Structure formats: C-alpha cells, structure tokens
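The structure appears below as structure tokens.
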Amino acid sequence: MTDQDRLLALAHRVAAGYQSRPNLAAILLTGSVARGRADAVSDVDMTLYYDTLPTPDEFEAIQQSARDSGGGVYGYQADEGLACYHFIDGIKVDTAHTAVSAIDAMLAQFVQTPPLAEPNQFIVMSGIQQGIPLHGAAIIQRWQHALAAIDAPFFEAIVTANLRFAPRAVLQEMGVDRADYWLVYELLLDAQQRIMNLLCGLNRRIPPGKIKGMDASLAGLAIAPADVVARLRQLWLLPPDTAVAALLALELEMLDLVDAHMPQVDTAPLRQRLDYVLRQAPVNDGGGSD
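For the sequence shown, numbering that gives the first Met the number 0 assigns the number 0 to the initial residue and increments by one for each residue that follows.
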C-alpha cells in the first residue's frame with residue numbers, strides 16, 4: 000500500500016468516526032492527501048463543518064482527546080471553532096471545526112473582491128476548491144460551484160496586485176554585488192510568490208495563500224512558462240548572479256503571458272521598473288573646462 004493509499008484510507012476512517020456527531024453537516028479532506036501527493040511525512044488535513052457548533056463542553060472533549068493521543072490544540076474560540084491535531088496510528092491528523100454559516104459568509108464576500116491582505120481566506124477557499132468531500136458532499140459542492148463561477152474581474156485584481164517585481168539593479172547591484180544575499184533571497188522569495196499568484200490568476204485558480212508546496216499549486220496549469228516549477232526550484236541552487244539573470248528572464252516571460260491572456264492589464268509600468276537604475280550619468284551642461 001502506498002503512503003497515499005494509507006493516508007486516504009485513514010482519512011475515510013476518521014471521517015466515519017465523526018459522522019455521528021450532533022449537527023455535523025460536512026467533512027472536507029484538504030492538503031496533500033486530497034491532491035494525491037502524500038508521502039512518508041505527510042499528515043492528514045480535514046475540516047468539519049457544523050450547522051451549529053459544538054458546545055464548549057463538547058469542544059473540550061475533542062481537545063482532551065487530541066491531547067490524550069499525543070496531539071494538541073492550535074487554537075480555540077467558542078464562537079468561531081477549534082483547530083487541533085491527533086496522532087492516529089502514528090499519523091498526525093489535523094482537524095478544523097467551524098460553522099457552515101461562517102464559510103457561507105466568508106464565501107459571499109470572497110467572490111466579490113479578493114481579500115488580498117487576508118492570506119488565511121485564500122488558504123480556506125483554495126482548500127475548498129481542491130478538496131475532496133468525505134461527508135455532506137452537497138454542501139461542499141455548492142461552495143466549489145460558487146468558486147468555479149467567480150467572475151473575471153476577481154482574477155484580474157489578483158494579477159494586477161502581483162505585478163510588482165524588484166528592479167534588476169536592486170537585486171544585482173544592491174544585493175549580489177554587495178554580497179547582501181539576505182536581500183537577494185528575500186526578493187527572490189517575494190518574486191516566486193508573486194509568480195505563483197500571477198499564474199493562479201491567469202488560470203482562474205484560487206491562489207493557495209501560502210508558498211509551501213508551490214509545485215503542487217502550479218501543477219497542471221494550462222497557462223505557464225515552460226518548465227516553470229523546475230525553473231523556480233533551480234533559482235535556489237544557482238549562483239546568486241546567475242539566479243538574478245534567470246529570475247529576470249522568467250519575470251519577462253510572465254509579463255508576456257499577461258499581455259497575451261489578460262491584455263487589459265497594463266504591464267508597461269513594470270517593464271520600466273525592471274530597468275530602473277540606481278544612478279544616472281551626470282548631465283553635461285555644455286560648459287567649457289577651466
């Protein structure tokens with residue numbers, strides 16, 4: 000049995016154990032197991048949705064069960080829900096417990112305008128978009144259909160918000176040439192996250208809200224530079240000056256893709272920004288020398 004098969008079977012077993020809980024409406028499997036990419040160190044990620052949240056005593060029982068298993072609690076608020084983890088058969092199983100009404104309210108706002116300053120909402124919504132229902136499929140599919148029907152301006156806003164890369168001169172002259180590799184890799188990480196978000200926007204996919212597992216987030220995209228995942232990974236292994244040149248080439252390809260697939264978004268200002276210079280040549284006023 001593969002790791003994927005073993006963890007998927009465990010997820011179904013855990014879900015079956017929860018289905019008799021009062022007011023439980025749906026269970027969603029998310030993360031690497033839902034994407035079919037589990038390995039030997041993967042855990043199981045699940046969200047349980049309730050018509051009415053468990054009582055404080057019921058939540059306390061879940062928390063105590065987590066502790067008794069060797070797990071623990073990430074966070075708890077009686078009116079919002081619980082996030083905790085159990086160890087079951089030696090496997091870490093993360094469960095979030097929240098209300099159906101909370102997701103309905105979040106979704107209603109989310110589909111109107113992308114909450115660019117709220118990465119947690121992207122984590123929740125991308126999880127719903129790519130997750131597997133284990134119980135209450137009708138509820139989860141309703142949310143998935145709403146996400147699939149998001150209008151084009153939503154994704155245009157994501158693309159526009161992520162059209163910002165550091166000028167080459169900042170990376171090369173202020174970073175590499177000064178051996179300020181902290182700056183170089185800070186900007187490299189920021190650029191990679193923006194590239195991921197741009198590609199999600201161009202492909203009408205909800206950005207994941209986090210950079211972990213970028214290869215999975217970018218898998219199967221129809222609109223993307225050739226070998227984009229391998230190239231993004233390679234940037235971390237190249238000498239810094241070579242990485243800067245490779246990053247700039249990839250950024251320019253991204254701008255070409257925006258021009259081709261979302262021409263209403265103006266890339267000219269960013270193209271000019273990439274060529275920004277730190278110093279200008281002195282202006283010759285034409286005066287003679289003494």
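Glycine included, C-beta positions come from ideal geometry on N, C-alpha and C. These figures come from a predicted structure and were not determined experimentally.
Are the Cβ atoms of residue i and residue j separated by less than 9 Å?
i: Tyr48; j: Gly135; result: yes
i: Val169; j: Pro239; result: no
i: Leu269; j: Arg167; result: no
i: Leu256; j: Ala223; result: yes
i: Ile205; j: Gln111; result: no
i: Val92; j: Gly208; result: no
i: Thr46; j: His11; result: no
i: Leu198; j: Leu217; result: yes
i: Ala101; j: Glu79; result: yes
i: Leu81; j: Leu146; result: no
i: Ile61; j: Thr94; result: yes
Starting from residue i, follow its DSSP beta bridges and name the residues at the other end.
i: Ile139; result: Looking at the DSSP assignment, Ile139 forms no beta bridge with any residue, so it has no partner.
i: Cys83; result: Val72 and Thr94
i: Thr29; result: Asp44
i: Leu186; result: DSSP, once it has assigned bridges, lists no residue as partnering Leu186.
i: Leu23; result: Tyr49
Taking DSSP as the reference, what is the three-state secondary structure of residue i?
i: Ala244; result: helix
i: Gly130; result: coil
i: Leu47; result: strand
i: Trp235; result: coil
i: Leu9; result: helix
i: Tyr275; result: coil
i: Gly208; result: coil
i: Asn119; result: helix
i: Pro268; result: helix
i: Leu220; result: coil
i: Phe164; result: coil
i: Val1; result: Checking the sequence shown, residue 1 turns out to be Thr, not Val. If DSSP states are grouped into helix, strand and coil, Thr1 belongs with coil.
i: Arg177; result: coil
Note down, in chain order, each residue of its chain lying with its Cβ closer than 7 Å to the Cβ of residue i, except the 5 sequence neighbours on either side.
i: Asp291; result: In the structure as shown, the chain begins at 0 and stops at 289. Residue 291 is therefore absent and cannot be evaluated.
i: Ala65; result: Gly71, Val72, Cys83, Tyr84 and His85
i: Ala33; result: Gln129, Gly130 and Ile131
i: Met261; result: Glu155, Val158 and Leu201
If residue i sits next to residue j, beta carbons under 8 Å apart, how far is it from one beta carbon to the other, in whole angstroms?
i: Gly219; j: Ile157; result: Incorrect: roughly 18 Å between the Cβ atoms, too far for contact.
i: Gly246; j: Leu187; result: Looking at the sequence shown, residue 246 is not Gly but Leu. That belief holds up - the Cβ atoms of Leu246 and Leu187 are roughly 6 Å apart, short of 8 Å.
i: Ala77; j: Pro55; result: 5 Å
i: Thr266; j: Leu254; result: 4 Å
i: Arg193; j: Asn161; result: 4 Å
i: Leu9; j: Ile90; result: 6 Å
i: Val243; j: Gln143; result: Not confirmed; about 40 Å, so no contact.
What does a CB cutoff of less than 6 Å around residue i pick up in its chain, not counting 5 residues either side in sequence?
i: Leu231; result: Gln191
i: Thr375; result: Not covered by the structure: residue 375. The range shown for the chain is 0 to 289.
i: Asp274; result: none
i: Met213; result: Met195
Spatial neighbours of residue i within its chain, please: CB distance less than 8 Å, with the 5 preceding and 5 following residues excluded, ordered by chain position.
i: Gln18; result: Ile26 and His134
i: Val99; result: Ala24, Ala25, Tyr48, Tyr49, Asp50 and Ile138
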